[in-house]
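The structure appears right after this line, and notes come after that.
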Amino acid sequence: MQQNKFRKTVVAILAPMIFLVSFANCFGKFAIVKKVYEINDSFNIGSGLLAKLIKTLVMYFPFSILYGIGFFFDLILFNLIEFWSGSNPVGYNEYDENGKYVKTYEENGKKLLLSYSDFGKRLDIQLEKEGDYQNLIVFRAEPGKFFAQKNGKLEEVVISSETVGSKTILKMAEQGKLKSSRVVDTKTLTDLEAKLVSDSL
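Everything in the sequence shown is counted per the numbering used here, starting at 19 for the first residue and increasing by one.
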């Protein structure tokens with residue numbers, strides 16, 4: 019009887035210690051929870067208060083179940099794998115611990131620098147050609163919109179395109195005024211778009 023109590027006491031002390039040692043410093047990127055959040059955040063039905071209400075209702079059911087399952091697997095399995103191996107098998111491996119990722123493309127004297135931040139919520143695009151720089155900012159929450167930073171403020175930039183034969187004319191306007199235009203090969207533009215989409219997934 020005495021030995022049985024001693025055994026239970028040892029197990030009661032060792033179990034939390036083993037749990038703490040096995041999970042200590044196993045904080046990871048919680049990739050599944052972030053993916054569930056991104057899907058939940060993508061529900062844009064209506065605008066203003068209606069959109070927020072729908073996102074909240076969808077979050078309560080069925081997403082609350084998905085958040086719970088995702089959190090469980092992230093905490094118990096994937097963050098532990100990430101801690102010991104250095105990479106998470108379900109994603110966000112290209113980002114550093116601060117949520118930043120930089121990708122560079124170079125071709126024919128042109129350089130395109132893509133700087134993702136906050137795990138892809140913001141994308142800073144810098145195009146360099148013959149010492150001339152063009153900077154644009156894109157937000158995941160505002161698809162199809164481009165912004166430029168002017169005097170510490172973000173201003174929307176309208177980019178339109180027109181295809182003529184094998185060439186595409188890109189026009190960039192700020193506040194209704196044409197700022198620049200470029201003629202590019204349509205195939206090159208299509209290839210670049212495909213590359214950007216595959217890199218951001």
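For every residue, glycine included, the Cβ atom is placed at its ideal position computed from N, Cα and C.
The alpha helix (DSSP H) that contains residue i, what's its start and end?
| i | result |
| --- | --- |
| N58 | A49 to D59 |
| Y85 | S82 to F91 |
| L172 | Element bounds for L172: not the alpha helix (DSSP H) but the beta strand (DSSP E), K171 to V182. |
| I72 | L67 to V76 |
With 16 other CB atoms within 10 Å as the buried threshold, where does residue i fall?
| i | result |
| --- | --- |
| E174 | exposed |
| L71 | exposed |
| N43 | Confidence at N43 is low in this model, with a pLDDT of 47, below 50, so its placement is unreliable and no value can be given for it. |
| K26 | exposed |
| V39 | Confidence in V39 is poor, its pLDDT being 48 and thus under 50, which makes the residue's placement unreliable; the coordinate value appears in the next sentence. When all chains shown are included, V39 counts as exposed. |
| N126 | exposed |
| L141 | buried |
| Y151 | exposed |
| V108 | buried |
| N97 | buried |
| V54 | buried |
| K168 | exposed |
| K47 | buried |
Which whole-angstrom value is the C-beta distance of residue i and residue j, which I expect to be below 8 angstroms?
| i | j | result |
| --- | --- | --- |
| I50 | F91 | 6 angstroms |
What are the boundary residues of the beta strand (DSSP E) that includes residue i?
| i | result |
| --- | --- |
| E124 | Y119 to E125 |
Are the beta-carbon atoms belonging to residue i and residue j less than 7 angstroms from one another?
| i | j | result |
| --- | --- | --- |
| Y119 | L130 | no |
| F81 | N106 | no |
| T204 | S178 | no |
| T186 | V202 | yes |
| L172 | F164 | no |
| L132 | K121 | yes |
Q. Which parts of the region 98-168 are runs of the beta strand (DSSP E), unbroken and 3 residues or longer, counting only runs that do not cross its ends?
A. 119-125, 128-135, 140-147, 150-157 and 164-168
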